[in-house]
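Numbering (full-length UniProt numbering), first residue to last: 1 to 1130. Positions of the beta carbon are idealized from the N, C-alpha and C atoms, including for glycine.
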Amino acid sequence: MPSNSSLVASERLTCLRKANKIEVWNYSGQGLELYYSDTLYGRVSMLAKIRPIGSATDHLFIGTLRFKYFTVAWNNDKRKLETINLLENLSDSHMRESQSRDGCLVDPTGQYVMLELFEGVINFIKITKPKKGRGDDDYLDKAEQIRLSELKVRASTFLFTETQQPKIAFLYTEGKDGNVRLVTYQIVDDKGHYSSFNPKKDRENELDGLDFSCSHLIPVPKGDRGQKRYMVRNSAVPKALLGGVIVVSESNMTYLDDESNAVFRYSLEEPSIFVAWEKLDGLNYLLADDFARLFVLTILVDGPEVVGIKMRNLGKTTKASLMVLLRDGLVFIASHEGDSQIIKVDLDPEHESIVLVQTLPNIAPILDFAVMDIGGLEGENKLNDYSSGQAQLVTGSGANDCGSVRSVRSGVGLEEEGILEYIQGVTGVFSLKSHQNSKTVDILMISLPLETRIFEFGSEGSIEEAHYFKDFNLDENTLLAMNTINGQELQVTPSMIILAGEARLRLKAAKWKPPEGQRITAVSGNLENILLALNGTSLVSLDIRNGLHEIVTREVSGNDQVACIYVPDHCSGVGVVGFWRSGSISILDLHNLIVIESEGLQKNNDASIPRSLALVQVLPENISGPTLFVAMEDGIVLTFKVDPSTFSLSGKKSIALGTQQVQFFILPQKTGLSNIFATSEHPSLIYGSEGRIIYSAVTADNVISVCTFDNKVYADTIVVATEEDVRISRIDTQRRTHIRTLPMGVTVRRIAYSPKERTLGLGCVKRELIGNQETIRCSFVLAEDVLFGQTGKEYLLNQSEEVIECVIRAELPTTYTDSLVERFIVGTSFLENDDTNERGRVLVFGVDQSKSPYLISSLKLKCACRRVAILNGHIVAALVKSVVIYSYHETTTNSAYLTKIAGYRCSTCPIDLIVNENIIAVADLQKSLVLLEYQSIGEGKPNTLVEVARHYHSYWATAVSHLEDSSYLESDQEGNLIILARNTEGVTLEDRRRLEITGEFHLGEMVNRMQKIQVKPTFNAVIIPRAFLATTEGSIYLLSTIAPSTQDLLIRLQTSIAANVKTLGNIEFNSYRSFLNMDREASEPYRFVDGELIERFLDQDESLQIEICRGLGPNVEDIRGLVEELKRLH
């Protein structure tokens, strides 16, 4: 919900509402930049700008879904928004809420605000001149509530008038026949009294017989001096003049002149469903339709007379929810179903009509998502791996043309300090100190295929390219460059090694060249030694301290070749070598090149070979010894614990960082530890935190090489070489959420991930407009799990009206093998009923060698299949009014059949289900949650589904997830969350059959999907992650259970923060987060802690932190450490 306003003097800003946040953006010429952001205790439902009498800036009028209304203004001294006016609660429990969203209109004269909250009721608030003695902030009059006879209002708008008596128009539906009408009223009379809105005496205009598809009203201003209205006496036919209103429908535009009552109709050449409009000027209006097309509506005039309307298709944009004109021709298109855009509109037919200026990412609505732990770790318990950056969420976001797959990962960002040079073909970058006394690096070497370039950095920030540097060879590419222990500079090229000398310091230069016909193919070194490979077939160890003295040479045995080399800084006297043919690694003694330890890496006929090595101290020495990292050719990274005394390897683990080979670049830290920048198609930063190794995604694409660059001007930075340029960047100190988008152009309705196949299964719905005819096509598509590109061929559903309802992956038994096979299971429904009994299907797909889905089994149903799950190798299906269990029999890789073995009749309609052991939790559309137990009796008796527990209250459920033991999390359509627990130890049968509420909370957003996660917590974990939640607003939440030892502290901390930290509107935290639905309203959240509120503790000044901690027990430092630990989880 954007609003363009002059919130700050001399600045024109754009205000957005996002759930419970208000964001202020400033247009800088290149696009919108975030100017300010604030959070309030309420979900914003309306946002409008007003200009109080005598004010130099605009104020914002804000309303929430819980009927809290207030105005805010910018405090230039404090540089933040402040609450100005608070309105009384306008809610009424006996009224029916408006069919459309809450409406807020400000009349063109700026005197009145109209609120449309309930059916048949409107509220007017007059903006008055502040009274003396009450301050300049008392400018809103008491709200006046007025009853309307027009109940089902579709649209409303203020009209432009030439008087100070505002006029309003309503587009509404009347009667059972659905007759659409337009009426207008003056809201006040000559004395300033509000109209009674009596349809018989107060209506100014009535227009009947409008098209049933009418949806919007566009008020038209009176025009400028050249278009001044005039009335002709005794005119036989009233003329339609400027200053009326346009009624927008799918097939025509109707113009009403509200003063002459003249009507003009224009039929569209191409019907469409219009969803948003915005005024460009008095005669031109932008209209956006449901198919992401943008039109311009032009009013044709002869003087003040309207003689026609013209529509022109400008082109494709994002699907608009709302449009705002930022300045001349610059339009912000806010989208709920895709990315928002800023475009430049040019109405000159000779020019390009639409120019994209900026795209603002948006992952709403999230229709489905999968938790994808890339590669997984072998031999390691997973400790909160969802936050490591390599575990990622993949969402099906947006709809129709704006549909996409989004990768959501927690990782570190790179803040760009500047681009050094646009260079392509970089093979490596190295930083050096130019002389022994330099405290920081001031030389950057950039290696290219045929040369090496040198850049010198001055102490004042100047940068110059040098054409020579000491004795270095710049006519070749550089394999290694570094400073030595005695202050000399070392360079390694394929043909030689150069140790630069310095006469005044009595440092002798030295060179070493390989034998004739041989070249250096791999090299690594530390302050003492260099280990290199010649033609990949022999190894040479050199002593740097003795002028590149050759210590030993050794031929590689067994016709093998050297693939990679690494010489560690912390473990002197050893080097690590990876080999091509054997696919193994060896730790060698650099004094004699004898193997100390060796490890074969290939298994199961895997031909992958090691391509990069790193033996570094990532974790503190009191926690772990050095860790050996081995990057394989297929994107897998292996890790080994290394004994620092014997160099024996243990604790092998693996993780996939991509599908292409990974290259390691060491980033030494001031703590003595080292981080690793790993380049691949998805760069990662490897570092230690909380006693474990973290793999975090990095926001950089196409990275070739990286080196540290601790310069006087660019302190604590790194140099990053990409395929296009070389830039200086700074690594973020905290992980943040990073999103990568793959546009699909279809609605990705369902998504499932198969770690075994490393494939995503996507249920896609494509909507097309062919010759003004809307067509729906549904398909099942496979995509690989790194770049999300489609693999193989899509599987098109046979019927054009069949839609995919659910997709899961499962391991199912077969009759021809003892092992389980990986399958995708798809449930479908039919949009239209025909003469057949087929209303849905259960489809089972396999994945062939070309990564294409192929159909194994199809079960026809007499109703839709909403959800599927797996229970002990059986398929559990949630149908329209029942839950059915099918046994699966796969006879060959291409054929299988399903047999019904048990069923249960639901109260209304099962909306979601989750399986825990032999218990099936079914979320009912209206009747909350029921637990079913699958009982396999055997001995010829039928298997049964028995209801064992139920929540006996009405609850319009949307999703359910199992948490732990007998606890379940459920969400509803009102944005509430409840935790239900089964009392298995109850005294009576009724006690054991009743699900009790053990926690409730108002999230404020409707949850579409939940995904349970299983992580093994550390022994002292404060919280234990249980489930991810995805909402229609595009939010992703992590729900965790709190350790019993910390529950009381966090609940009291939440209470204290809520009491001491005020937000916009002075709304109470408990009133925002308390449970609310049509049946009841709680006074506060129950046994729930809001993590967002807890993290606000870190944003407060120290004095307020002390006040918050008063009476809690732990001191400020303890609480701050606790909150920082919680914040690191995301």
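Relative to the alpha-carbon of residue i, which residue among the options has its alpha-carbon at the smallest distance?
i	options	result
P620	E597, R692, S928, H59	R692
H467	I443, I485, A481	I443
Q1014	L995, N916, K927, L929	N916
G32	L47, T14, S196, V713	The displayed chain sequence assigns Leu, not Gly, to residue 32. The residue with the shortest Cα to Cα distance from L32 is T14.
A1030	T427, A364, C909	A364
K513	R312, F264, S541	S541
G658	I636, I551, L667, K641	I636
L347	G303, L831, L286, Q392	L286
K200	Y185, G209, Y194	Y185
V876	L898, K862, A500, T892	L898
R581	S608, I520, N526, S961	S608
T515	G525, T537, E528, S524	At residue 515 the sequence reads Pro, which differs from the Thr that was named. Selected option, being the one with the closest Cα: T537.
S895	P942, R823, V960, R293	R823
G873	S1074, T646, P813	P813
H682	V786, Q773, N711	V786
H1002	I1036, S1071, A959, R839	S1071
V883	E890, H889, A869	A869
In this structure, does DSSP put residue i in helix, strand or coil?
i	result
I485	coil
L286	strand
E1117	helix
Y41	coil
T747	strand
Q491	strand
E996	strand
N916	strand
R17	strand
V399	Checking the sequence shown, residue 399 turns out to be Ala, not Val. If DSSP states are grouped into helix, strand and coil, A399 belongs with coil.
Y1072	helix
T1055	helix
E97	strand
Using the Cα positions of residue i and residue j, report the straight-line distance between them to the nearest angstrom.
i	j	result
L613	L628	7 Å
G827	R809	12 Å
residue 1138	Y112	In this structure the chain extends from 1 to 1130, so residue 1138 is not present and cannot be described.
T173	C214	10 Å
N123	A143	6 Å
C764	V324	32 Å
G986	R994	9 Å
D1099	L1122	14 Å
P942	I978	35 Å
E1084	G1091	16 Å
E1124	T493	47 Å
A721	Q488	25 Å
R545	L649	30 Å
F455	K433	12 Å
Skipping 5 residues on each side, what residues in its chain have a beta carbon closer than 6 Å to that of residue i?
i	result
G547	A510
E974	N1077
F197	I146, L148, Y185
E1033	A19, A364, E1005
E1000	I978, F1075, Y1086
D401	A292, G745
I187	P166, I168, S195
F788	V405, L742
Looking only at its own chain, which residues have a Cβ that is under 7 Å from the Cβ of residue i, when we skip the five neighbours before and after it?
i	result
K126	Q111, Y112, D141
Q935	N943, T944, V946
Tell me which same chain residues have a C-beta within less than 8 Å of the C-beta of residue i, skipping the five on either side of it?
i	result
K80	Y36, D38, W74
Determine, using beta-carbon pairs with one atom in the stretch 1050 to 1065 and one in the stretch 1074 to 1082, whether at least three such pairs fall under 8 Å. no
At least three beta-carbon pairs within less than 8 Å, the stretch 412 to 424 to the stretch 741 to 751: no
So does the stretch 1100 to 1115 actually touch the stretch 1063 to 1073, counting three or more Cβ pairs closer than 8 Å? no
Segment contact, 8 Å Cβ cut-off, at least three pairs: the stretch 562 to 582 with the stretch 517 to 537: yes
Taking one C-beta from the stretch 319 to 337 and one from the stretch 963 to 973 each time, how about it: are there three or more such pairs within less than 8 Å? no
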